[in-house]
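*Asks:* Take a look at the following structure, please.
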């Protein structure tokens with residue numbers, strides 16, 4: 150079952166995109182480009198802060214300590230390998246292209262808007278932690294905060310990238326809804342540490358999206374999406390080995 154927090158989140162994206170589409174033609178192209186650069190920098194900051202929040206902790210001696218470093222590297226490499234083998238980036242792109250053909254009269258870079266907005270709204274630390282928290286505890290405070298941020302971002306994305314952003318609300322419903330549902334099923338075995346690991350990986354992927362928006366490089370973030378879920382499998386494997394020992 151899709152949680153209330155996720156429904157509110159999707160509605161915020163739809164409303165924000167609608168506002169962005171209304172004001173789109175009143176924004177000069179050079180201004181849109183500058184806005185996208187600003188969003189790119191903000192996305193990098195959001196991803197960096199989300200990842201560092203989970204990776205760094207204060208030790209007993211009061212100094213900062215790193216955690217999950219090797220696990221994150223393994224998840225990114227393993228997740229990237231799985232994503233590349235199954236060509237997730239291509240499949241995501243095809244979804245955007247199909248929607249673009251169906252709604253070609255709406256204009257704008259439809260596929261790019263759909264893919265960029267879907268990834269930004271879905272793979273961040275707040276999406277993972279918020280959806281899992283709703284499934285585990287029923288609390289929606291994180292998703293309410295995310296809804297506000299996504300709504301504001303959707304205004305800018307809608308004005309800059311066009312109507313493809315609107316359909317990212319569907320991706321949010323599907324992705325966060327599944328996470329909430331699965332969290333409800335496995336809440337007896339899901340630990341806070343696993344949630345932190347998933348959030349840390351998600352934060353790193355958000356940094357990659359920011360680099361793409363800034364056109365620094367072209368990171369196939371879609372292929373890296375399986376990395377977010379590998380901490381669950383690793384945790385279950387460790388528990389299985391301990392049970393056998």
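In the numbering used here, the protein residues as written are 150 to 394. Glycine residues also receive a C-beta, built at the ideal position from the N, C-alpha and C atoms. Keep in mind that this is a model prediction, so the values were computed, not measured.
Decide if residue 175 is buried, meaning its Cβ has at least 16 other Cβ atoms within 10 Å, or exposed.
*Replies:* Residue 175 comes out exposed.
*Asks:* Taking Cβ to Cβ, would you say residue 338 is nearer than 8 Å to residue 224?
*Replies:* No.
*Asks:* What's the call for residue 288, buried or exposed, on a 16-neighbour Cβ count within 10 Å?
*Replies:* With fewer than 16 other Cβ atoms within 10 Å, it is exposed.
*Asks:* So residue 213 is in the beta strand (DSSP E); what residue range does that whole segment cover?
*Replies:* Element bounds for residue 213: 213–215.
*Asks:* In its own chain, which residues sit with a C-beta less than 8 Å from the C-beta of residue 272, not counting the 5 before and 5 after it?
*Replies:* Once the five neighbours on either side are set aside, the close Cβ partners of residue 272 are 351, 354, 355, 358, 370, 374, 377.
*Asks:* Which runs of the beta strand (DSSP E) at least 3 residues long sit entirely within the stretch 173–220? Give them in chain order.
*Replies:* Correct list: 205–207, 213–215.
*Asks:* When DSSP labels each residue in this structure, what does residue 258 get in the three-state scheme?
*Replies:* Coil at residue 258, not helix or strand.
*Asks:* Applying the criterion that 16 or more other CB atoms from any shown protein chain within 10 Å of the CB defines a buried residue, is residue 277 buried or exposed?
*Replies:* Under this definition residue 277 is a buried residue.
*Asks:* From what residue to what residue does the alpha helix (DSSP H) around residue 306 run?
*Replies:* Unbroken alpha helix (DSSP H) run through residue 306: 290–310.
*Asks:* Keeping to the same chain, check which residues put their C-beta closer than 6 Å to that of residue 324; ignore five residues upstream and five downstream.
*Replies:* Cβ neighbours of residue 324 beyond the five flanking positions: 271.
*Asks:* Leaving out five residues on either side along the sequence, give the residues of the same chain with a beta carbon under 7 Å from the beta carbon of residue 185.
*Replies:* Only 309, 362 meet the Cβ criterion.
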